[in-house]
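Below you'll find the structure, written out as structure tokens, and then a few comments.
Residue numbers (the working numbering): 480 to 634.
Set out below in structure tokens:
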């Protein structure tokens, strides 16, 4: 009976410990997603790239790519500098999921954006869109890093 009680106590402690780190990690991933939103509202490419790994994968518009951080900066920098978002926010509550071992996580989001964007001729045009994506994360040495993104836009 004492062995059974000890085993049950150990299992309860393990579950409790996992629940504690899982809750903390879920909040960390929510905060990283919010940082993505802020980076767009501030047109700040460096803030956006701050938590991304060098090895990165993107699935979007029917293609898979592995852009380097330099390529991501060169693509996203001009886009963000030309865009001024009055609104860039979650349209639905983000869904955060962790792997059982706590080393991988993903955040499924739907975002509404509204603002203006400078065209090549210097004129500004209104932009508005709804997009959904999955942010992919890996925990390394106690820190979460974004390792990829799968995205699409609502027609």
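The beta carbon of each residue, even a glycine, is placed where N, CA and C say it ideally should be. Predicted model, so just to flag it, every value in this text is computed and none were measured.
{"Asked": "Euclidean distance between Cα positions of residue 569 and residue 588", "Found": "7 Å"}
{"Asked": "Three-state class that DSSP yields for residue 621 in the structure shown", "Found": "coil"}
{"Asked": "When 509, 560, 574 and 634 are compared against residue 519, the one with the closest alpha-carbon", "Found": "560"}
{"Asked": "Proximity below 8 Å, CB of residue 584 to CB of residue 616", "Found": "yes"}
{"Asked": "Residues that residue 569 bridges to, as DSSP identifies them", "Found": "590"}
{"Asked": "Under 8 Å between C-beta atoms of residue 527 and residue 537", "Found": "no"}
{"Asked": "For residue 626, three-class secondary structure by DSSP", "Found": "strand"}
{"Asked": "DSSP three-state assignment for residue 514, whether helix, strand or coil", "Found": "helix"}
{"Asked": "Boundaries (first-last residue) of the alpha helix (DSSP H) holding residue 541", "Found": "It is not in any alpha helix (DSSP H) - residue 541 carries neither H nor E in the DSSP assignment."}
{"Asked": "Between the CA atoms of residue 512 and residue 607 - distance to the nearest angstrom", "Found": "20 Å"}
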